[in-house]
Amino acid sequence: KARRDDAIIRGGGEYWVGKVLALRLGYDGSVTGVDNGLTGGLGIRWEEFSLDYAFMPFGEIGENHRFGIGYRWGP
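Numbered per our numbering, the sequence shown spans residues 1 to 75.
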């Protein structure tokens, strides 16, 4: 049985301050309510290491905070 869902708009962007700091802002149209679906985050890159943080609202469920640590090797 075919199912028809409404379209959801999602998008985001990233701006680098130098080569060290990334500022991120986004929108998730599936989230409704006070939070309005705005998301944000930042990233820090130093040599081969990176540290990332993101904030995402989940409407009635609450807020989601995500952290990431990375190491890059190779060419």
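Where a beta carbon is used, it is the ideal one built from N, C-alpha and C, also for glycine.
Secondary structure of residue i, DSSP reduced to three states
i: Glu14; result: strand
i: Glu63; result: strand
i: Phe55; result: strand
i: Trp73; result: coil
Proximity of residue i and residue j at Cβ, strictly below 8 Å
i: Gly26; j: Gly12; result: yes
i: Tyr49; j: Tyr71; result: One detail in the question is off: residue 49 reads as Phe in this sequence, not Tyr. Yes. Within cutoff.
i: Pro57; j: Gly74; result: no
Residue i versus the options, residue with shortest Cα-Cα distance
i: Gly68; options: Pro57, Ser30 and Arg45; result: Arg45
i: Ala54; options: Gly41, Ile61, Glu63 and Glu60; result: Gly41
i: Leu21; options: Thr39, Asp52 and Asp6; result: Asp52
i: Glu47; options: Ile8, Lys19 and Ile9; result: Lys19
i: Arg66; options: Glu60, Thr39 and Arg10; result: Thr39
Cβ neighbour criterion (16 or more within 10 Å) applied to residue i
i: Asp28; result: buried
Whole-number beta carbon distance between residue j and residue i, since they are thought to touch under 8 Å
i: Val31; j: Leu23; result: With 8 Å as the limit, Val31 and Leu23 do not qualify as a contact, their Cβ atoms being about 21 Å apart.
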